[in-house]
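Quick note: to get our numbering, add 38 to the position in the sequence shown (first position is 1).
Backbone N, C-alpha and C fix where the C-beta goes; we use that ideal spot for every residue, glycine too.
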Amino acid sequence: LLTVSSYLELIADGAFGDVSEDVRAAVRRAVAVSERAQTVVDSTLRREAIGEPQAEYTALRVDLNRTLSDVLSALNCTMRDREATVAIEGRLPLVLGDDPSLFRIFENLVQNAIKFCPADVHPQVGIRSRRLDAESVEITITDNGPGMPSDADILIYRGARGANAAGTPGHGIGLATVARLVTRLGGSVRFEAPAEGGTTVRLTLRAAEDRRRNR
Numbered sequence: 039l040l041t042v043s044s045y046l047e048l049i050a051d052g053a054f055g056d057v058s059e060d061v062r063a064a065v066r067r068a069v070a071v072s073e074r075a076q077t078v079v080d081s082t083l084r085r086e087a088i089g090e091p092q093a094e095y096t097a098l099r100v101d102l103n104r105t106l107s108d109v110l111s112a113l114n115c116t117m118r119d120r121e122a123t124v125a126i127e128g129r130l131p132l133v134l135g136d137d138p139s140l141f142r143i144f145e146n147l148v149q150n151a152i153k154f155c156p157a158d159v160h161p162q163v164g165i166r167s168r169r170l171d172a173e174s175v176e177i178t179i180t181d182n183g184p185g186m187p188s189d190a191d192i193l194i195y196r197g198a199r200g201a202n203a204a205g206t207p208g209h210g211i212g213l214a215t216v217a218r219l220v221t222r223l224g225g226s227v228r229f230e231a232p233a234e235g236g237t238t239v240r241l242t243l244r245a246a247e248d249r250r251r252n253r
């Protein structure tokens, strides 16, 4: 990944010839994604190397607005190719966790919402939040895709989702990873198929004190 980032930087700097501003911007986004991926890999390898148990996990205050901004930047090309829209309702809360894990969670969920939408439909993803109590918040992600089977929760937690209604290969392992990461953060995730169609994902995460409001 470091080698990829280095070559991308050279391309953006014109080392191999002139590039347009659009290409330069796209390359810069690719560099950011590569650096983010390297952070995730380093974090995962570090935890595995020291055998970090759940009890020793140290949660930090994470601004989901920044996390989602990074996710949408990473998925910019995918969104443009599918003419997808992602609407975030209001400001998202501060939560307890770690940025690499939360980035992976939301990147996977938003990417799946776009990917599994039928090819003849422009994907529409909605994200909103609400406070459940003093210690937890709920993040809801909705889409206009084909929905999920009634036993999706069971299949996802087993990492065994097969194929969706649109005939696109499933991502059981990816969603199982989401479930595992959310659980490690002390939260929970639930997948629903509303009668009106689409999929609704409900993430419950630990709330962090918003120190900005106490100033």
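Let me check understanding here. Comparing Cα to Cα, which of ILE143, ARG244, GLU59, GLU47 lies closest to LEU170?
Minimum Cα distance to LEU170 is reached at ARG244.
Comparing alpha-carbon positions, which option in ARG218, CYS115, GLY225 lies nearest GLN149?
Of the listed residues, the one whose Cα sits closest to GLN149 is CYS115.
Keeping to the same chain, check which residues put their C-beta closer than 6 angstroms to that of ALA246; ignore five residues upstream and five downstream.
Same-chain partners within the cutoff: ARG99, LEU132, VAL133, LEU134.
LEU219 and SER139 look like a contact to me (Cβ under 8 angstroms); what is the Cβ gap, rounded to whole Å?
The Cβ separation is near 5 angstroms, so the contact holds.
Classify ALA338: buried if its beta carbon has 16 or more other beta carbons within 10 angstroms, exposed otherwise.
A question about residue 338 goes unanswered here, because the residues of the chain that appear run from 39 up to 253.
Between which two residues does the alpha helix (DSSP H) harbouring PHE141 extend?
Looking at the DSSP string, the run of the alpha helix (DSSP H) that includes PHE141 is 137-153.
Can you tell me whether ALA53 is helix, strand or coil according to DSSP?
Three-state DSSP puts ALA53 in coil, outside helix and strand.
Which residue comes first and which comes last in the beta strand (DSSP E) that contains ASP119?
Segment 114-120 is the alpha helix (DSSP H) holding ASP119; no beta strand (DSSP E) there.
Relative to the C-alpha of GLY185, which candidate in LEU241, PRO156, GLY212, ALA172 has its C-alpha closest?
GLY185 has its Cα closest to that of PRO156, out of LEU241, PRO156, GLY212, ALA172.
What is the DSSP secondary structure of ARG129, counted as helix, strand or coil?
Coil.
Using a Cβ-Cβ cutoff of less than 6 angstroms, which residues in the same chain neighbour ASP181 once the five nearest sequence positions on both sides are dropped?
The answer, listed in chain order, is ALA151, VAL163, GLY236, THR237.
Helix, strand or coil: which one does DSSP assign to GLU59?
The answer is helix: DSSP assigns GLU59 an H, G or I state.
Assuming contact is defined by CB atoms lying nearer than 9 angstroms, are LEU223 and ILE165 in contact in what I supplied?
Taking 9 angstroms as the Cβ cut-off, LEU223 and ILE165 do not qualify as a contacting pair.
Across which residues does DSSP place ALA245 in a beta bridge pair?
Looking at the DSSP assignment, ALA245 forms a beta bridge with VAL133.
On the criterion of 16 or more Cβ atoms from any shown chain inside 10 Å, does PHE154 qualify as buried, or is it exposed?
Buried, because 16 or more other Cβ atoms sit within 10 Å of the Cβ of PHE154.
To the nearest angstrom, how far is the alpha carbon of PHE144 from that of VAL175?
Their backbone Cα atoms lie some 15 angstroms apart in a straight line.
With C-beta atoms as the reference, is VAL69 less than 9 angstroms away from ALA50?
Cβ atoms of VAL69 and ALA50: closer than 9 angstroms.
Once the 5 residues before and after GLY128 are set aside, which same chain residues still bring their CB inside 8 angstroms of it?
Result list for GLY128: ARG166, SER167, in chain order.
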